[in-house]
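Colleague:
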Amino acid sequence: MSFTLNDRPARVTATRGAAAPRRRTRVFALPEARWAAAALVLFLIALPLQLTGAPEWTWGPLYALAYVTGGWEPAWAGLQALREKTLDVDLLMIVAAIGAASIGQVMDGALLIVIFATSGALEALATARTADSVRGLLDLAPTTATRLLDDGGEETVATEHLMVGDTLLIRPGERVGADGRVLDGASEVDQATITGEPLPVPKESGDEVFAGTLNGTGSLRVKVERDASDSVIARIVAMVEEASETKAPTQLFIEKVEQRYSVGIVLATLAVFGVPLAFGASLTDALLRAMTFMIVASPCAVVLATMPPLLSAIANAGRHGVLVKSAVVMERLGQIDAVALDKTGTLTEGTPRVTDIRPLPGAGPAEDGLTEDGLLSLAAAAEHPSEHPLARAVVAAARERGLVLPDVRDFSSAPGVGVTAVVDGRTVAVGAPARLLTDAADPAVAMVVGELEDGGRTAVLVQCDGVPVGVLGIADRLRPDAAATVAALTTLTGTAPTLLTGDNPRSAARLAAEAGITDVRAGLLPQDKVTAVREREAAGRKVLVVGDGVNDAPALAAAHTGLAMGRAGSDLALETADAVIVRDELATVPAVVALSRAARRLVVQNLVIAGVFISGLVIWDLVGHLPLPLGVLGHEGSTVIVGLNGLRLLRDAAWRRAATPAGDDR
Numbered sequence: 001m002s003f004t005l006n007d008r009p010a011r012v013t014a015t016r017g018a019a020a021p022r023r024r025t026r027v028f029a030l031p032e033a034r035w036a037a038a039a040l041v042l043f044l045i046a047l048p049l050q051l052t053g054a055p056e057w058t059w060g061p062l063y064a065l066a067y068v069t070g071g072w073e074p075a076w077a078g079l080q081a082l083r084e085k086t087l088d089v090d091l092l093m094i095v096a097a098i099g100a101a102s103i104g105q106v107m108d109g110a111l112l113i114v115i116f117a118t119s120g121a122l123e124a125l126a127t128a129r130t131a132d133s134v135r136g137l138l139d140l141a142p143t144t145a146t147r148l149l150d151d152g153g154e155e156t157v158a159t160e161h162l163m164v165g166d167t168l169l170i171r172p173g174e175r176v177g178a179d180g181r182v183l184d185g186a187s188e189v190d191q192a193t194i195t196g197e198p199l200p201v202p203k204e205s206g207d208e209v210f211a212g213t214l215n216g217t218g219s220l221r222v223k224v225e226r227d228a229s230d231s232v233i234a235r236i237v238a239m240v241e242e243a244s245e246t247k248a249p250t251q252l253f254i255e256k257v258e259q260r261y262s263v264g265i266v267l268a269t270l271a272v273f274g275v276p277l278a279f280g281a282s283l284t285d286a287l288l289r290a291m292t293f294m295i296v297a298s299p300c301a302v303v304l305a306t307m308p309p310l311l312s313a314i315a316n317a318g319r320h321g322v323l324v325k326s327a328v329v330m331e332r333l334g335q336i337d338a339v340a341l342d343k344t345g346t347l348t349e350g351t352p353r354v355t356d357i358r359p360l361p362g363a364g365p366a367e368d369g370l371t372e373d374g375l376l377s378l379a380a381a382a383e384h385p386s387e388h389p390l391a392r393a394v395v396a397a398a399r400e401r402g403l404v405l406p407d408v409r410d411f412s413s414a415p416g417v418g419v420t421a422v423v424d425g426r427t428v429a430v431g432a433p434a435r436l437l438t439d440a441a442d443p444a445v446a447m448v449v450g451e452l453e454d455g456g457r458t459a460v461l462v463q464c465d466g467v468p469v470g471v472l473g474i475a476d477r478l479r480p481d482a483a484a485t486v487a488a489l490t491t492l493t494g495t496a497p498t499l500l501t502g503d504n505p506r507s508a509a510r511l512a513a514e515a516g517i518t519d520v521r522a523g524l525l526p527q528d529k530v531t532a533v534r535e536r537e538a539a540g541r542k543v544l545v546v547g548d549g550v551n552d553a554p555a556l557a558a559a560h561t562g563l564a565m566g567r568a569g570s571d572l573a574l575e576t577a578d579a580v581i582v583r584d585e586l587a588t589v590p591a592v593v594a595l596s597r598a599a600r601r602l603v604v605q606n607l608v609i610a611g612v613f614i615s616g617l618v619i620w621d622l623v624g625h626l627p628l629p630l631g632v633l634g635h636e637g638s639t640v641i642v643g644l645n646g647l648r649l650l651r652d653a654a655w656r657r658a659a660t661p662a663g664d665d666r
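Going by this note's numbering, the residue at position 580 of the sequence shown is 580; the numbering climbs one at a time, nothing skipped.
1) Rounded to whole angstroms, what's the CA-CA distance from residue 469 to residue 166? Just pull it up for me.
2) Could you pull the DSSP bridge partners for residue 423 from this structure?
3) Taking contact to mean at least 3 C-beta pairs separated by less than 8 Å, is the region 316–335 in contact with the region 558–566?
4) Within this structure, are the beta carbons of residue 66 and residue 46 separated by less than 8 Å?
5) Within a Cβ cutoff of 7 Å, which residues of the same chain sit near residue 118, ignoring the five residues on either side of it in sequence?
6) Tell me, to the nearest whole angstrom, how far the beta carbon of residue 339 is from that of residue 546; I am working on the premise that it is less than 8 Å.
7) Do you know how far the Cα of residue 407 is from the Cα of residue 381?
8) Using the C-alpha atoms, what's the distance from residue 603 back to residue 143?
9) Assuming residue 506 contacts residue 450 under a Cβ cut-off of 8 Å, what Cβ separation, rounded to an integer in Å, is found between them?
10) Taking the continuous beta strand (DSSP E) assigned at residue 562, which residues delimit it?
11) Which word fits residue 32, buried or exposed, when buried means at least 16 other C-beta atoms lie within 10 angstroms of its C-beta?
12) Of the choices 518, 553, 492 and 430, whose alpha-carbon is the least far from that of residue 594?
13) One question on the structure: do residue 377 and residue 403 come within less than 8 Å of each other, judged by their Cβ atoms?
14) Is residue 468 helix, strand or coil when you go by DSSP?
15) Flag this pair as yes or no: are the beta carbons of residue 168 and residue 181 separated by less than 8 Å?
16) Within 10 angstroms of its Cβ, does residue 656 collect 16 or more other Cβ (buried), or is it exposed?
17) Looking at residue 412 and residue 423, is the spacing between their C-beta atoms short of 8 Å?
18) Indicate whether residue 114 and residue 43 have their beta-carbon atoms separated by less than 8 Å.
19) With a 10 Å radius around its C-beta and 16 neighbouring C-beta atoms as the bar for buried, classify residue 526 as buried or exposed.
20) Quick one: is residue 625 buried, meaning 16 or more other Cβ sit within 10 Å of its Cβ, or exposed?
21) Pick helix, strand or coil for residue 498, following the three-state DSSP scheme.
22) Rounded to the nearest angstrom, what separates residue 573 and residue 554 at their Cα positions?
23) Give me the residue from 459, 318, 372 and 405 with the minimum Cα distance to residue 352.
24) If I'm right that residue 609 touches residue 642 with Cβ under 8 Å, what's the distance once you round it to whole angstroms?
25) How many angstroms separate the CA atom of residue 322 from the CA atom of residue 285?
26) What's the C-alpha gap between residue 297 and residue 658?
27) Looking only at DSSP bridge pairs, what is residue 219 linked to?
28) Taking the runs of the beta strand (DSSP E) that are 3 residues or longer, which of them lie wholly in the region 313–339?
So, in structure tokens, the structure goes:
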């Protein structure tokens with residue numbers, strides 16, 4: 001009987017580039033997060049009590065506890081930095097907070113403490129999550145393997161005990177236990193975790209296989225050629241860790257002058273206190289003038305001048321599907337001047353699809369051969385029981401056309417060759433042309449196959465009762481917004497993006513041409529991608545890498561900024577990247593870069609505003625007599641102005657401007 005595609009049996013399949021079991025550090029497992037949360041809770045309890053006029057004894061101790069819980073870690077870190085003869089803004093902010101409290105501005109100081117504690121907790125969490133994902137990557141490689149003995153027996157051993165020269169048996173559906181070379185057998189191996197190739201790769205005697213890749217339906221005997229510590233998957237882990245450690249320290253714009261500013265404020269405050277005291281001023285007056293100076297000259301306004309535009313940009317990007325992990329990342333995105341794109345799952349959808357249906361004239365039951373629907377129906381019926389990604393692509397194409405498939409029986413599958421089934425009484429074979437065709441194959445068939453393969457497609461031959469009746473072309477499909485994104489990135493950076501992929505050169509060249517990319521580097525292993533990125537960085541470029549797989553993680557870590565595709569992205573890529581495109585909308589890449597540049601412009605505006613206010617108030621305090629209330633009012637007023645200016649980037653109009661090429665005026 002015939003059947004429709006809606007009754008296809010449910011099945012469990014291995015997804016492309018299957019991710020490692022997820023290891024995630026809990027937020028409150030980190031002491032920084034616990035202290036920051038405690039400080040925030042205490043502040044939120046104390047603030048309404050103070051604002052509603054409750055007695056000071058009800059909210060004063062709560063603020064004091066907030067100072068201690070949120071401030072002791074940055075204070076201790078600042079003291080340790082002092083031992084190294086450095087002075088950072090963290091310690092200065094703690095001193096400013098204590099100074100504010102000493103002259104009655106307890107709430108201002110507590111707010112400053114809470115902001116710094118929360119920032120430190122988020123940084124600690126990001127670091128811990130990245131470490132989790134690196135450790136979890138090791139779970140891709142199996143912990144045990146089946147080793148064949150000289151007497152023909154077999155034993156199960158831990159993979160770390162495997163030696164170069166051992167022979168392994170890799171059964172269907174198992175992960176390869178070590179890097180090696182196939183001695184015997186035929187199968188197809190999903191090695192997307194290593195190379196990013198969207199389709200399983202046929203493996204037979206003499207072919208190389210990698211630890212952690214997933215075997216298909218055939219069995220393989222593999223000779224181990226590398227120690228576990230030197231496998232490709234282990235080197236990926238090492239490269240991610242090395243790149244994360246050696247990546248230049250990221251700093252916000254204002255932090256670039258942190259040392260000089262901090263030292264200058266401390267010295268100036270001491271001078272403002274000591275000089276009048278030396279000339280006979282009272283201790284109270286000298287202390288009040290010094291504390292007023294500390295308040296008006298403190299970096300609160302400058303810090304807030306920097307953060308609101310960047311945080312607003314982060315929030316706006318988040319609403320539109322881009323998760324930017326920190327203000328530092330948002331700033332760095334606007335600095336990039338070169339882009340490197342992965343292919344599979346980034347520039348493309350990552351799922352093979354039927355692109356060509358080529359019936360062969362005169363080869364079908366009718367004189368003119370099969371129709372496209374007839375050819376696709378035969379192939380889909382034969383492929384329907386198969387779990388192979390190419391089979392799923394053929395069946396999906398038939399589903400899209402609403403075809404009803406004929407009856408199937410006597411299904412069989414040969415790894416690396418294809419499938420055979422009896423469809424409506426005829427024997428239908430679907431598979432690799434090189435395996436199904438004989439030396440005396442029809443030149444017309446060879447011409448169609450060659451045309452498809454030259455175009456970067458995978459050719460699939462369909463035979464009916466031993467006679468070729470058609471050829472299907474299958475390829476990964478370019479994302480609809482890929483070409484527009486490439487053009488926008490070219491406009492933003494002044495140079496066309498580079499394509500970095502582990503896929504074969506023909507497929508890469510075809511897709512690059514469709515997207516408008518001319519610089520194509522194909523057949524790359526993870527370390528090759530890192531090398532390509534570092535070459536551009538060494539030439540003075542600030543490179544943005546966009547990828548999705550485990551094989552992209554080292555390049556994401558090594559780049560000036562890394563962006564990961566969120567839906568199909570591996571855990572390692574998502575944690576290593578500086579930002580994540582949650583909805584897999586490639587067009588958001590140039591938009592978030594343009595938004596970052598808009599934020600940087602607002603940061604400069606705010607720093608000018610804050611500088612004018614601080615300079616004016618400082619001069620007033622030094623030359624004349626600045627009343628403390630006016631000093632606080634001017635300080636807080638400048639903070640409000642720069643804060644409101646930065647919040648302009650929260651509006652949807654800011655994203656719309658960034659999403660158009662004209663929206664970025666560098």
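Cβ coordinates follow ideal geometry from the N, Cα and C atoms, glycine included.
Modeller: By the coordinates alone:
1) Between residue 469 and residue 166, the C-alpha separation is close to 45 Å.
2) Under DSSP, residue 423 takes part in a beta bridge, and its partners are 408 and 426.
3) At 8 Å Cβ cutoff, the stretches touch.
4) Their beta carbons are under 8 Å apart, which means residue 66 touches residue 46 by this criterion.
5) Within the same chain, residue 118 has close Cβ partners 36 and 40.
6) About 7 Å; that satisfies the 8 Å criterion.
7) Cα to Cα, the separation comes out at about 7 Å.
8) Distance between residue 143 and residue 603, taken at the CA atoms: about 50 Å.
9) At roughly 11 Å, the Cβ-Cβ gap does not stay under 8 Å, so residue 506 and residue 450 are not in contact.
10) Counting along the chain, residue 562 sits inside the beta strand (DSSP E) bounded by residues 561–565.
11) By the neighbour-count rule (16 or more Cβ atoms within 10 Å), residue 32 is buried.
12) That would be 492, whose Cα lies nearest to the Cα of residue 594.
13) The Cβ atoms of residue 377 and residue 403 sit closer than 8 Å to each other.
14) If DSSP states are grouped into helix, strand and coil, residue 468 belongs with the strands.
15) Not in contact: residue 168 and residue 181 (Cβ atoms no closer than 8 Å).
16) Under this definition residue 656 is an exposed residue.
17) No, Cβ-Cβ distance for residue 423 and residue 412 is not below 8 Å.
18) Residue 43 is positioned such that its CB atom lies closer than 8 Å to that of residue 114.
19) The residue in question, residue 526, is buried, as its Cβ has 16 or more Cβ neighbours within 10 Å.
20) Residue 625 is classed as exposed because its beta carbon has fewer than 16 other beta carbons within 10 Å across all chains shown.
21) Residue state, collapsed to three classes: strand.
22) So the alpha carbons of these two residues sit roughly 9 Å apart.
23) The residue with the shortest Cα to Cα distance from residue 352 is 459.
24) Contact between residue 609 and residue 642 holds, since their C-beta atoms are separated by about 5 Å, short of 8 Å.
25) If you take the alpha carbons of residue 322 and residue 285, they lie about 52 Å apart.
26) Between the alpha carbons of residue 297 and residue 658 lies a gap of roughly 35 Å.
27) According to DSSP, residue 219 bridges with nothing at all.
28) Taking only runs of at least 3 residues, the beta strand (DSSP E) segments lying wholly in the region 313–339 are 322–324.
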